[in-house]
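> Here you go, one structure.
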Amino acid sequence: MATIEVRDLTRAYGPVRAVDGISFSVGDGEIFALLGPNGAGKTTTVEILEGYRTRDSGTVRVLGHDPATGGSGYRARIGVVLQSAGFEEEFTVRELVRLQTRLFPRGHDPDELIALVGLAEKRNTRVKGLSGGQRRRLDLALGLAGAPDLLFLDEPTTGFDPAARHHAWDLVANLRELGTTILLTTHYLEEAQRLADRVAVMREGRLLATGTPEDLRAGSKLPTVISFGTPSADLPPLSASPDVSGTTVRVVSRDAVGDAWRLTGWAREHNLALADFAVSPPTLEDVYLALTEESPDEPAD
Ligand SMILES: Nc1ncnc2c1ncn2[C@@H]1O[C@H](COP(=O)(O)OP(=O)(O)OP(=O)(O)O)[C@@H](O)[C@H]1O
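Going by this note's numbering, the sequence shown wraps up at 347, each residue one higher than the last.
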């Protein structure tokens with residue numbers, strides 16, 4: 047059974063149709079990323095699923111409950127990690143985590159949880175002594191305190207340095223191993239590509255596309271780009287005309303395998319190294335930009 051099942055969900059604020067008839071489901075143990083530009087309707091959707099906002103119409107089932115009427119039994123089974131939770135600054139990490147785990151009937155062991163989010167060394171540090179990234183880890187520990195079946199993660203790595211971001215990704219991967227279902231919102235497409243089993247791209251209250259990152263990339267029909275350093279001999283005929291910028295040649299290829307084959311054969315024949323030779327298929331970010339930058343009247347696919 048799906049952990050989240052949403053059908054024809056709508057929610058308007060006056061004339062603004064923030065959520066305009068969306069349907070999707072998230073399977074048990076799946077990591078699902080909701081993507082979209084500012085104002086797309088992501089927060090509204092997520093808060094309806096969390097039970098913190100009302101809907102106008104449509105059906106929503108989360109963990110078998112209607113979040114609007116699920117009450118505390120429902121809330122005990124979900125974890126919510128918001129972007130900026132306010133903390134009691136004088137508490138230590140351990141004190142806060144312990145207090146939070148006690149609120150739940152089957153709360154995590156505080157020390158295990160602190161270790162899971164990589165804060166073991168800061169266990170006895172007061173919140174006011176934590177860095178921004180460490181606070182976000184604490185956010186995550188608090189969201190996980192009740193050992194939730196479903197975790198809502200709102201932009202979990204905003205403001206992180208690259209090392210902290212990679213650490214957070216490892217952590218989410220650990221949660222996947224534990225079988226936690228995760229609904230993630232993020233503006234980092236690399237994050238979605240790395241973590242999510244499936245993504246949904248939302249704009250102006252509607253879903254433009256849903257699928258695995260690979261499905262979306264394959265279905266996008268966006269070209270593969272072949273690039274390399276400017277060679278000292280004339281290029282062989284390729285599927286598209288090369289574009290030379292500075293010392294780099296780019297070919298927006300219509301036949302990536304054929305062009306790569308022609309180029310590498312030609313380079314060997316002429317004994318050329320072809321510096322920085324790269325074949326780059328479209329990324330999730332390319333697909334996202336192509337989808338969200340189309341004018342609203344154009345069909346998305
Ligand atoms: N409480 C509110 N009252 C009026 N309008 C609102 C309210 N909350 C959201 N909106 C409007 O609904 C639309 C969707 O907002 P929402 O916050 O759901 O988008 P979002 O995708 O989460 O955006 P972001 O990426 O910026 O967080 C926007 O046009 C927003 O201005």
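For every residue, glycine included, the Cβ atom is placed at its ideal position computed from N, Cα and C.
Does ligand 1 have a heavy atom nearer than 7 Å to the CB of residue 85?
Here residue 85 refers to the residue found at position 39 of the sequence shown. For ligand 1, at least one heavy atom lies less than 7 Å from the Cβ of residue 85.
> Touching or not, the segment 69-78 and the segment 223-237, by the rule of three or more beta carbon pairs under 8 Å?
The answer is yes - the segment 223-237 touches the segment 69-78, with three or more Cβ pairs under 8 Å.
> Using 8 Å as the cut-off, can you tell me whether the segment 145-154 makes contact with the segment 103-118, which would need three or more C-beta pairs spanning the two stretches below that distance?
These segments do not touch.
> Specify, as a first and last residue, the run of the alpha helix (DSSP H) that residue 209 falls within.
Position 163 of the sequence shown, counting from 1, holds the residue named residue 209. Residues 208-224.
> Which word fits residue 347, buried or exposed, when buried means at least 16 other C-beta atoms lie within 10 angstroms of its C-beta?
Looking up residue 347 in the sequence shown gives position 301. Low confidence applies here, because residue 347 scores a pLDDT of 45, under 50, leaving its location unreliable; read the following figure in that light. Residue 347 should be labelled exposed.
> Given the structure, does residue 174 come close to ligand 1, in the sense that its CB is under 7 Å from one of the ligand's heavy atoms?
Residue mapping note: residue 174 aligns to position 128 of the sequence shown, counting from 1. No, the beta carbon of residue 174 sits no closer than 7 Å to any heavy atom of ligand 1.
> Going by the C-beta, is residue 219 closer than 7 Å to any heavy atom of ligand 1?
Numbered from 1 along the sequence shown, position 173 holds the residue referred to as residue 219. Checking the Cβ of residue 219 against ligand 1 gives no.
> Here's the rule: buried if 16 or more other CB atoms are within 10 angstroms of the residue's CB, otherwise exposed. What is residue 316?
Locating residue 316 in the sequence shown gives position 270, counting from the first residue. The residue in question, residue 316, is exposed, as its Cβ has fewer than 16 Cβ neighbours within 10 Å.
> Counting along the chain, where does the beta strand (DSSP E) carrying residue 59 start and finish?
Mapped onto the sequence shown, residue 59 falls at position 13. From DSSP, the beta strand (DSSP E) with residue 59 extends over 50-59.
> Would the C-beta of residue 234 count as close to ligand 1, meaning under 7 Å from any of its heavy atoms?
Within the sequence shown, the letter at position 188 stands for residue 234. No, ligand 1 has no heavy atom inside 7 Å of this Cβ.
> Which residue or residues does DSSP assign as beta-bridge partners of residue 80?
As a working note, residue 80 is residue 34 in the sequence shown. 231 and 246, per the DSSP bridge assignment.
> May I ask which residues mark the beginning and end of the beta strand (DSSP E) holding residue 71?
Looking up residue 71 in the sequence shown gives position 25. Note, residue 71: beta strand (DSSP E), 62-72.
> When you measure from the CB of residue 119 to every non-hydrogen atom of ligand 1, does any distance come out below 7 Å?
Looking up residue 119 in the sequence shown gives position 73. Every heavy atom of ligand 1 is 7 Å or more from the Cβ of residue 119, so no.
> So, does the segment 261-273 touch the segment 316-326, judging by three or more C-beta pairs under 8 Å?
Judged by Cβ distances under 8 Å, the segment 261-273 makes contact with the segment 316-326, as three or more pairs qualify.
> State whether the segment 254-266 contacts the segment 93-100, with contact taken as three or more CB pairs (one from each stretch) at a distance under 8 Å.
No, the segment 254-266 is not in contact with the segment 93-100.
> For residue 238 and residue 330, which I take to be in contact (beta-carbon distance under 8 Å), what is that distance rounded to the nearest angstrom?
Here residue 238 refers to the residue found at position 192 of the sequence shown. Here residue 330 refers to the residue found at position 284 of the sequence shown. Confirmed, about 6 Å.
> May I have a chain-ordered list of the alpha helix (DSSP H) segments no shorter than 4 residues that lie completely inside the segment 87-131?
Counting only runs of 4 or more, we get 88-96 and 117-121.
> Excluding the 5 residues flanking residue 45 on each side, which residues of the same chain have their C-beta closer than 7 Å to its C-beta?
Any answer about residue 45 is impossible in this case: the structure gives the chain only from 47 up to 347.
> Is any non-hydrogen atom of ligand 1 found closer than 7 Å to the C-beta of residue 59, if you look at the structure I gave you?
Translated into positions along the sequence shown, residue 59 becomes position 13. Within the cutoff, so yes.
> Within 10 angstroms of the Cβ of residue 242, are there 16 or more other Cβ atoms? Answer buried if so, exposed if not.
As a position in the sequence shown, residue 242 is number 196, starting the count at 1. Looking at its Cβ environment, which holds 16 or more other Cβ atoms inside 10 Å, residue 242 is buried.
> What three-state label does DSSP hand residue 335 in the structure shown?
Working through the sequence shown from its first residue, we reach residue 335 at position 289. In the structure shown, residue 335 sits in a helix (DSSP, three-state: H, G or I).
> What did DSSP end up calling residue 271 once you bin it into helix, strand or coil?
As a working note, residue 271 is residue 225 in the sequence shown. Note: residue 271 maps to strand in three-state DSSP.
> Under 7 Å Cβ to Cβ from residue 205, same chain only, skipping five residues before and after it: list those, please.
Stepping through the sequence shown from its first residue, residue 205 is reached at position 159. Once the five neighbours on either side are set aside, the close Cβ partners of residue 205 are 178.
> How would you label residue 49, buried or exposed, when you count the other beta carbons within 10 angstroms and need 16 or more for buried?
Here residue 49 is taken as the residue at index 3 of the sequence shown, counted from 1. It counts as buried.
> I'd like the span of the alpha helix (DSSP H) that includes residue 262, first residue to last.
Counted from its first residue, the sequence shown places residue 262 at position 216. Where residue 262 is concerned, the enclosing alpha helix (DSSP H) stretches over 259-265.
> Would you mind sorting residue 224 into buried or exposed? The rule is 16 or more other CB atoms within 10 Å of its CB.
Position 178 of the sequence shown holds residue 224. Residue 224 is exposed by the Cβ-count criterion.
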